[in-house]
Each structure stands twice: as C-alpha cells, then as structure tokens.
Amino acid sequence: MDLPLPTRGRLLAVEQSPVRHLDATLFGATIALCGYGLMMVYSATNQSLLALGQDPGTYLKRQILFLTIGLIGLAVTALMGYRLVKLYAGFGYALAVVLLALVQTPLGTSVKGAQRWFQVGSFQLSPSLFSRLAIVAMLAAFLSEIKGDLLLRHVVRATILAAIPTILVFIQPDIGTSIILAFVLVAMLVVAGAKAKHLAVLAVVASVGIFGAFQLNIIQDYQIERLRSFFDTTAGAEQARYNRDQAEIAIGAGGVTGRGYLQGTQTSLDFVPEQHTDFIFTVVGEELGFIGAIGLLALFALVLWRALRIAQMALDPFGTFVATGVAAFLAIQLCINVGMTIGIMPITGIPLPFVSYGGSALIADLLGIGLLQSIHRRRFL
Amino acid sequence: MTEPRTRMRLKVLATLFVLIFAGITTRLWFLQVLASEQFSALANQNQVRLVSIQPVRGLILDRDGNVLVGNRPSSVVTVDRLAMRESGEEVLLRLSELLDVNIDDLVERVNSPRYAPYQPVPVAEDVPEETIFYLREHERDFPGVDYELSSVRDYPEGVLAAHVLGYVGEISEEQLDALRPVGYLGDEIVGKAGVEATYERLLYGTRGQRAIQVNAQGDILDRDFGGPKPAEPGANLVLAIDTEIQKLTERSLTLGIQLGRRTIDENTEIPFKATGGAAVVMDPRNGQILAMASFPTYEPSLFLGGLTAAERAPLEDEANNFPQLNRVIQGKYPAGSTFKPFVAAGALKRKMATLDGLYDCPGEFVVPKDESGTVFNNWEPVNRGFITLAHSLAISCDTVYYQFGYEYYVRYVRSGKQSEIMQQDLGQMGFGRVSGIDLPGESAGRIPTRAYKFDLIEDNRDIYGDALSLWLPGDNVNMSIGQGFSLVTPLQMAVAYSAIANGGTVYEPHVGLRLERPDGTLVRRIAPEAVGKLPITPRQVAYLRDSLRGVTEIGTADEAFLGFPLDRIPVAGKTGTAEVPPKQDYSWFAAMAPADDPRYVVVGLIEQGGHGSTTAAPLVRRILEGLFGLQPAKTLEDGGVTD
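Taken in order, these protein sequences are the chains called A and B.
One point on numbering: in the numbering used here, the residue at position 298 of the first sequence is 298, and numbering is uninterrupted.
For the numbering used here, count along the second sequence from 1 and bump the result up by 381.
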C-alpha cells in the first residue's frame, strides 16, 4: 500500500480532542437552560426565605452546587465514551431496580404521601430520576443487539424490562415518572422499528394494568383528586384545582413582556405552590412573560433538535437508541411539566428539566446530555 | 450512520416533538396574550384584601361644647377563626380562663355569623394591660388570638343625661336590614337608644377601606398597601342640653323622689312610694330641651361590649321600676289638673267661657238629667261660688271644668255625635300625638275618642263587665280634669305649656342643636320648627299665662313657693294630682318663668308622689331656683296637700 497515512494520524488527533468534538450548540443551550433555572429558582425562593429569616440565596446556592456536580458528571460521561455504558447497562439497570425497591422500605423518606427519596445528609436522593437513565441504557443495549426485524417477542421483552422499574415507580406512587418511562419505551420501540399492531397490544395491556391499579387503590387519593380536578372544572375538588388555577393566573398575568424579574406577586407571595420545583415555569411565565416563555421553549427546541440529530448521526444503533431515549425523556418531561402549568395536562409531580430546583433531576438530566455528547464525539468511525 | 428507515422513524419522533411545542405555544398565546388582562386582575385580587375601617364615632357635646359622650381607646382581644386552625378548642379554653369569660359565651361570640370568615372577631373589650402582655408573651399558646386598640364610648359625666344620650351596642338584625343599603356591615356598633340612635347615620361617619397585601397563607405582609380610602369620622352632635341645668334637674328630681319617700300619704297612711319621676326643662321660645331627667336611671357605659346576663337582669326587673324607660317621653300618665289650662283654652275657643265671665265652683257636680246620679266632686269639699276663669285655674276648681266638659258633651250630641270637638281641640294643642322630638320611642299619649272607648270595652268585656261602651257625658267630664282614659307624657305637657308661654306656638321639641364636623363646619342645623298653634287669640293666651301666676301666689302652689322671690321672678304654674287607682296619686307641676316673658318651661312629675303641691311643685321650684341663680335647696320640703 502506497497510500499516505498522515491524514489518518491527524484524524485521530482531532477525534481525540474532546472539546472540538463536543456539540457546542447542545452544550450552549444546556448551560443557558441551567442559567435560566438558577435565575428562576432565586426568584421563586428569595421572598419566602427572607420571610423565614433565612439567607434568600439558600436554594440558589444549593442549586449551583447540584449544577456543578451535574456538569462534572456531564464531562465525565462525555469523555468516558458511551460504549462503556453499554457494558454496564445491565448492572446499572439492576442497581436502579434495587434502589427503587429499597425506597419503598423505611429507608426511604415519605414526601406528600409518596415514598420517593433517600435522605442522604441534608440532600434527598431520588432513585426514580436516575432510573430513567439506567432504563434508557438497558433498553438501548437490548434493542441494539436485535438483528433483523423487531418481532413481537422483542417488544414484549423490552416492555418487561421497562415495566419492572415503571411499576416500582408507579406504586411509590409517582404517576408522572411512570408516564415518562412508558413514553421513553414507546419512543425507543418506534425508532427501533416496532410495528403499529404490536404497540396497540402494548397500549391495551397498559390500560388494563392502570385500571387494575385504580382497583387495588395503589393510586393515592391526592393523585386522584389532582387528576379529577384537571378533568372536572365545576364540581368539588376545590383544593386540588387550586394549584392549576394559581399557576394559570401567574402565567396569564405575565402577559407578553412579563411583570419583570423578581416582580411577580403570584410568585413572591407564594400563591403558586411548589413554584421552585414542579411549577417553576409559572415564574418564567409571570415574570418574563410570553417572550421569556418562548425563549425558554426555544432553548429546549434546540436541545431536542440536537439530540435527534445526534441519534441520527450516531455511529451504532446503541448510540441512536440512547440518544432517542434521552431526547424522549426530555421532551415528555417538558410536555407534562409545562402542560400542567398552563392547564393542558393533569398535574403530576414532574420537574422541568435543567430549570426546576432539585439535585437528582438536574444531575440525571445533565448525565443524559453527557451521553449525547459522548455519542456526538464518536459519530464518525 | 443510521440506516434510512431509522431516520424516517426519528422524523416521526421529531414530528411529535413539534406538535408538543405547537400545543404549548398556542396555549401560552391564549393565556399570556389574549387573556392576559383578566389574569392580571385575578393576580391582583389574589394578593390584595380590602379591609373595611370603622370610622371614629362623632362626639356628643352639650350646648356649650362640653363633652357628654366621647371616645376612648380600649384593648380588644380578637380571634381569627381561620388562623386558629385545628387547635381552636384548646385555644378558646385557655382564652376563656385568661379573660375570665364563660367558655360558652366565648364560643358563641367567636361563631357569630355577623363576621366574615377572614375577619377577626372581637371577643373581649377593655382587656387589662397585664392580660395583653401575657398574650404577647405567650403568642404560641394562642394562635389566631390577637389584640387591637379600638375606640369605645366614654362618658365623662357618668350617668348624666343617660336617657337623652342613650347607648351603643351591636347592630340588631332589624337595624342591619335598614342600614345595609347605606353600607353598614354585620359587625357594626350602632346607637341603640337616645340621640345615639336618632343621629346614628351622622354620628357614624363613613367607612374607609384599607388594602392589605397578603400571601397565599393569608399572612399579612403589608398593612398599608395600595391606595386606601380613609374613614371619615362621624359628625359631632351638639345638644341643646346644658350640663349645669341637666345636673340641677337630675338632682332636683332625685330630691323630689326622696321627699316623696319620706312623706306620709294621707290616703294610704304609708310614705309615698315615689317609684319614678320625670323632669324636663324646655326653652318655650324655640322648643329646645335644656334638660331632661328620668328617674330611675342607668349607666350607659354598662352597654359597652354588650350586656352580660348579670347586668341585664336588674334593668329588666320590675322591682327596679325599669330604669331604661325615659319617663319624659315614654311615661304615659293622666294629666290631672295640669290639663285645665288647655280645657280652658278650648272653652274660650268654643265660647263656653270668656275672659270676663264668672263660673260657678260648687263642691260637687252632677250631670244634668243623669238618672244614675253620679257625683263628680271638687278636690276640696268647698263651694267657692262664682269665680273668674283665672281664679278657677289658681285654685284648680274641678267643678268649673266639669261644666266645660259637660258643655263639650252637649255640643257633641248636638252634632249628631259626629264631631268630637273636645278631642280635636286638645289634639291641636299637641295631646294624643307624638311631639316629634328627636329621640326614639316617644309615646303619643292618648286622647280617648268614642271609637277608642267602644273598642276598649267591647274587646275587654271580661274586665269591664256590662259597662256601656257608648261615649257618655262622664267621659267628657273626666277628660276636663285630665282623668278618664286620657294620658299624656311629661314632654307633651312641656310642649303645651311652652305654647302658652310663647304666645301660642306649638313647637316640635328637640334635644339636638346641630351637627358639625370635627373642624367645626356645620353639617346640619336642627332648626326650631313650629308645628301648631293654640286655637285661641294671643290675648287669651296671655290671659291664661297671667292667670297661672295666681297658682304660685295665692293658689294651690302658694305654700310650695313660700319664700320664692315671685316679685322678682314671677312664676306661672299649675299643679296636678293624677289619680291612678289603686296606686297612690301622681304629682304634677308645670311652670313658666319668668311669667311675664318666659324663658323656661319646667315640668315635673313624681309617680306615686302625692298631690301636685306635695312633691312635684317643690322639685320644680328647686329647678327654678337654680335657673335664676338662687341657691337651690339642699333638701326639699313638701308644699302641702293641694291639687
């Protein structure tokens, strides 16, 4: 062979320069979203903290800490190489299932009637937020090993893999996360080439399962109330409808340009419940208005566009499926979270990715971005 | 690179994402652009609560500006039902112990439906400072319990003029129905009696509003948020009442009562019971009431914060003779001989009598052709022969007036029993109808008519047996000396005597002079109002007034006025002895002074106080002594046993 090889060497050098092969747009949009989140968390919490005689920056500082940890996690994941993830997918999956089971035991902490957290020092660790990464990895690993067409048995196996943690999450109960996991499963099956009739069978089985859950009183009263309040705007359910009404008032009151940063009365006077976590979008809506909300959505659009682009450019099916899973769980979270604050989705406890206060979610989301970056780095070859 | 089929499937997913964004954006457009105004309004309502501020009630002043009813701060403990939350019962128990209030009373007040849910309910007024300190130090034990300074009525002169001033209390359902249209709320403290009630609307002022900023928990963040509308204080009410004259009148009335209670009644041979009395001083030239006293009286401050059962019982016990009754305007009594000047006026009007005529004053009178032979006696069993009208008033000759009464009956019969002219004439002088004084609950007294008597007897056959329900000559005869079914109030008497005193004008009496803002600008003047005329000529009026000087000089009250400087301060007056069997006689005296140009009309009445000269005349004399700068007597002495 007399072909010169220098380019090969240069190519390798370029490939191994981690910064050059990052998706800068994705990274920029992610950082912008996180910055947006820090602003909103401060706005949502400073007044309440002041009223309690505490440092108004308490939540902000904690969120910055989570963000730092998350960014380190992102960097490590991005550099580590996603194929390593495939190797440990089974282990990660098993760990997630065990943690989800353990959180049901007295080791877990109960919040609002749901067993969702491990108290670690002054931090609360939520396994269900990490579990979605493990499930994405597990499903991607499983689906990428299938040769040829996706058959019903593959669909069933994938569904069983997803169903075990989903059911564990569901009985916490955390309906929101179970919906996310189900959506992620469906999205990955679609991209893997599942047939429509197979998905229909899946839908029937899921419906029966959910009906059974209601019959067995696994779903708590407050969740039924929240769901009912979404569908029933006239009779009863006053208390449950309060969240939704206050959130809508806050967003509506923002108008086109918003009431100004730190100027939202719905926010600063605590009218919107859980405004620094699940209802953070109301702060955006009230204080920064339609323009601010659209700006935030545009950043998300950018992230999702890049995620799907990475899925498309991935070197191998595993990368495609992982990227698809990450994109799916970001998109469905966005849809449910924003949807519930503007009255087009039932209220379930789902945080807004990158923006809501909360360490577990932020770190898990950033790890997802790290995976995307890793896939992006290895898109050639 | 992925295979084309995968790309296609990824496009499906991308399409779904686009749909999600489209849905969210559409909804945001609706909320934030199309419906934003409505949501902004909702957000503002959310954070702002409007709290109504009660205005400061107007003061009540005497004619010289002395404060009769003021306002003073009082620590009020309030309970916020929402803030008490689940621990309500325990908190109320602790509070009832601390405030020394019955727990049932406390619960009743807290649950009072007159307060809005987020409005703190006042549960105790005038709470001592130590208790407030205790509450402040133990805030945690008393969630929802707070205290505030509020303004309550203050009575610097104590019980003085209690019946005129009245008192304030929680608004009643009926009052609320009437006052709600003008903005009154359920927690209002309003005038319940006296001028507090009459001038309620003007004393009250105008409610203000204060915006307070609250958060979702209802915690108050800013007590002065947004543009508040300050409350406008009520107008000050200046009364015609003169504090000095009021004190004089009340003291004299009390002395009159005491005099009665130590004087032996010749008929029953026990001391007079003197269960109650009334005295009123009126300016005959304009209808102003300078003093108004009713015995027994009560403490207006008792009503602050509502009456407890222990406070209420004595006020309602018959043994205490109903102290809340204002006997000047609500007491209804037979007029007795104090009626005679008005029967004389009627006789003059009807030409039954003339100023230079002479009238027979025998010891007794029998209605002509009366087969029953009922005898109407003079009060003294003496035949005085033919006397002038003036003399008949001075010595209060009943038989002269019996004859006028009979003559009235004759004319009634001649009119085909159609025209009840005696009643008409007396009605023109203010009897049988309310005087229109600016005090609530005034009685109209009674001038009996044929219809009245018929209904009374036919409706009460069990009492009256087979008595005739027809109007009989005896009814006119009785009415001629203020007996029978006729009843008057001391105030009506004062108004009628004022008409004789001022040349014939019947004034609407009033205790209020004017209402003014705290800075002194006039809100409303209560001008003198003439509502009628005596139906006789000014000369005849003057004749009657001059005739009544004889009462104190040579007549029924000469003993009572012994030693009074009548040459310097001539007094025209009239005694009255009202018979109210089986009770002891009621003592009346009405006076005008100085008689040549009266500035004062004074009327006194002692229930079960004997003859007019016995207790009422001495009490009125004492008031006159004070009015004219003489030294009022320390104690009273009875003025004899004359009608």
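Quick reminder that beta carbons are idealized off the backbone N, C-alpha and C, glycines included.
Asked                                                                                                                                             : Found
Contacts around residue 871 of chain B, its chain only, beta-carbon distance under 7 Å, and the 5 residues preceding and following it disregarded : 659, 661, 708, 709, 712, 984 and 986
DSSP-derived helix/strand/coil call for residue 891 of chain B                                                                                    : strand
Interface residues of chain A facing residue 387 of chain B [CB-CB closer than 7 Å]                                                               : 191 and 320
First through last residue of the beta strand (DSSP E) which encompasses residue 753 of chain B                                                   : Run containing residue 753 of chain B: none; DSSP gives neither H nor E here.
6 Å CB neighbourhood of residue 185 of chain A in its chain, flanking five on each side removed                                                   : 162
Beta carbon proximity, residue 593 of chain B to chain A, threshold 8 Å                                                                           : no
CA nearest to the CA of residue 888 of chain B, picked from B:910, B:902 and B:767                                                                : B:910
Contact check, residue 1027 of chain B vs residue 786 of chain B, beta carbons under 8 Å                                                          : Here chain B has residues from 382 to 1024 only, and residue 1027 of chain B is not among them.
Where the segment 251-262 of chain A meets chain B: residues whose CB sits under 9 Å from a CB there                                              : 251, 252, 253, 254, 255, 256, 258 and 259
Helix, strand or coil at residue 652 of chain B [DSSP, three-state]                                                                               : strand
Chain-ordered neighbours of residue 413 of chain B on chain A, where CB pairs are closer than 8 Å                                                 : 251, 252, 254, 255, 256, 285, 289, 290 and 293
Every unbroken alpha helix (DSSP H) within the segment 686-748 of chain B, with a cutoff of 4 residues, ordered by chain                          : 690-697, 708-711 and 721-730
Cβ neighbour criterion (16 or more within 10 Å) applied to residue 565 of chain B                                                                 : buried
Where residue 459 of chain B meets chain A, residues with beta-carbon distance less than 8 Å                                                      : Ordered by position in chain A, no residue passes the 8 Å Cβ test against residue 459 of chain B, which lies about 23 Å from the chain.
Endpoints, the alpha helix (DSSP H) within which residue 516 of chain B is located                                                                : 510-518
Member of B:672, B:444, B:807 and B:423 whose CA lies at the smallest distance from the CA of residue 719 of chain B                              : B:807
At least three beta-carbon pairs within less than 8 Å, the segment 354-368 of chain A to the segment 287-295 of chain A                           : no
Stretch pair the segment 776-792 of chain B + the segment 670-678 of chain B: three plus CB contacts closer than 8 Å                              : no
Same chain, Cβ closer than 6 Å to residue 917 of chain B, five either side skipped, listed in chain order                                         : 726, 729 and 730
Other residues of its chain near residue 251 of chain A: CB distance less than 8 Å, five sequence neighbours each side excluded                   : 281, 282, 285, 286, 293, 341 and 342
6 Å CB neighbourhood of residue 733 of chain B in its chain, flanking five on each side removed                                                   : 785 and 788
Any C-beta of chain B under 8 Å from that of residue 324 of chain A                                                                               : yes
Whether residue 494 of chain B touches residue 459 of chain B by CB criterion (8 Å)                                                               : no
Where residue 410 of chain B sits in the DSSP three-state scheme                                                                                  : helix
Beta-carbon spacing of residue 100 of chain A, residue 169 of chain A below 8 Å                                                                   : yes
Between the CA atoms of residue 358 of chain A and residue 63 of chain A - distance to the nearest angstrom                                       : 7 Å
Local Cβ density within 10 Å of residue 655 of chain B, reported as buried at 16 or more and exposed below that                                   : buried
Partner residues on chain A for residue 393 of chain B, Cβ-Cβ distance less than 9 Å                                                              : 190 and 191
CB contact check: residue 350 of chain A to chain B, cutoff 8 Å                                                                                   : no
Residue 156 of chain A and residue 324 of chain A closer than 8 Å at C-beta                                                                       : no
Own chain partners of residue 503 of chain B with C-beta closer than 6 Å, once the 5 adjacent residues on each side are dropped                   : 457 and 459
Inter-residue Cα distance where the pair is residue 82 of chain A and residue 419 of chain B                                                      : 50 Å
Minimum C-alpha distance to residue 364 of chain B - residue among B:397, B:652 and B:530                                                         : No statement about residue 364 of chain B is possible, as the shown extent of chain B runs from 382 to 1024 and does not include it.
Residues bridged to residue 452 of chain B [DSSP beta-bridge criterion]                                                                           : B:534
Segments of 4+ residues assigned as alpha helix (DSSP H) that fall wholly inside the segment 839-892 of chain B                                   : 842-845, 854-861 and 871-882
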